[in-house]
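*Asks:* Below is the structure I would like to discuss, written out as structure tokens.
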Amino acid sequence: MNRRQPAVLLLLLAIFVLPSCGPKFLGQVRTPTFNYVKESEGGCADVYLHKGTADNREVLWISANKEKLKLPDNDSKTFNLADAPDSLRVAVDLWDKAPRFSAYCNDISPDTKREATWKAKKGTITLTLHPTKEGEKERPRRYKASARLDNVTFEDDAGHQATLKNETITEVLVGWYAG
């Protein structure tokens, strides 16, 4: 009987400890949901756009260098993400919990851990720069930008993939920097 006690204790330990190791231990990977909400759209910098889920634990972001990509004012330009230049990055960040302060367009560092960043590997993105409206001319560096993503496949560092059918970020203010 004494021989069984260590085995039973080991089994009980496994029952209580292994689930606390989380999904990665069990071979499961948290993938993007792509359930973004309009209320979480934002932007800044040259052309930096972001859009998150309602719980702010997942954020799609786009970083584009207007000059290097030769983005036309008041027009659109489409890019194949399989051949994207270094000056264009599209990714999804997954957070273990919602940051107390936005980790995007903010010079306050996040207070939570980024679980993973899924990078765009293929698909298309169309970036549009919108004309400055009459009341916005006093701030000529600021303008609005939009993005449309179609059939974008994202990949994490382990090679897992997830595909976003389509998503838009519409007319967010860019051209300013957090200070």
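Residues in the sequence shown are numbered consecutively from 642, following my numbering.
Note that CB positions come from ideal geometry on N, CA and C, so glycine has one too.
#1: Taking Cβ to Cβ, would you say Asp737 is nearer than 9 Å to Arg698?
#2: Just tell me which of Ser728, His691, Phe675, Thr674 has its CA closest to the CA of Thr811.
#3: Assuming Gly684 contacts Val815 (C-beta within less than 8 Å), just tell me the rounded distance between them.
#4: Reducing DSSP to helix, strand and coil, say where Thr811 ends up.
#5: In the DSSP assignment, what are the bridge partners of Phe795?
#6: Just grab the DSSP bridge partners of Asp734 for me.
#7: What residues in its chain sit with their C-beta under 6 Å from that of Val700, if we drop five residues either side in the sequence?
#8: Closer than 6 Å by C-beta to Lys763: which residues in its own chain qualify, once you throw out the five before and the five after it? Chain order, please.
#9: Is DSSP giving Leu722 helix, strand or coil here?
#10: For Leu805, which of Thr765, Pro772, Ser704 has the nearest alpha-carbon?
#11: Under 7 Å Cβ to Cβ from Asp791, same chain only, skipping five residues before and after it: list those, please.
*Replies:* Answer, in terms of the structure:
#1: Reading the sequence shown from its first residue, position 96 is the one you call residue 737. Reading the sequence shown from its first residue, position 57 is the one you call residue 698. Asp737 places its beta carbon less than 9 Å from that of Arg698.
#2: Position 170 of the sequence shown, counted from the first residue, corresponds to residue 811. Cα-wise, what sits closest to Thr811 is His691.
#3: In the sequence shown, counting from the first residue as 1, residue 684 sits at position 43. In the sequence shown, counting from the first residue as 1, residue 815 sits at position 174. Yes, Gly684 and Val815 are in contact; Cβ-Cβ is about 4 Å, under 8 Å.
#4: Within the sequence shown, numbered from 1, the residue matching residue 811 stands at position 170. Looking at Thr811 - three-state DSSP - the assignment turns out to be strand.
#5: In the sequence shown, residue 795 corresponds to position 154, counting from 1. Answer is Ala761, Ala803.
#6: Start at 1 with the first residue of the sequence shown, and residue 734 comes out as number 93. Within the DSSP secondary-structure output, Asp734 pairs in a beta bridge with Val700, Thr758.
#7: Here the question's residue 700 lines up with position 59 in the sequence shown. Closer than 6 Å at the Cβ level, and outside the excluded window around Val700, lie His691, Gly693, Asp734.
#8: Working through the sequence shown from its first residue, we reach residue 763 at position 122. Cβ within range, chain order: Leu722, Ala723, Thr794.
#9: In the sequence shown, counting from the first residue as 1, residue 722 sits at position 81. Note: Leu722 maps to helix in three-state DSSP.
#10: Counting from one through the sequence shown, the residue named residue 805 turns up at place 164. Nearest C-alpha to Leu805: Thr765.
#11: For the purposes of this step, residue 791 is identified with residue 150 of the sequence shown, where counting begins at 1. For Asp791, where only same-chain residues beyond five positions count, the Cβ hits under 7 Å are Gly764, Thr765, Asn807.
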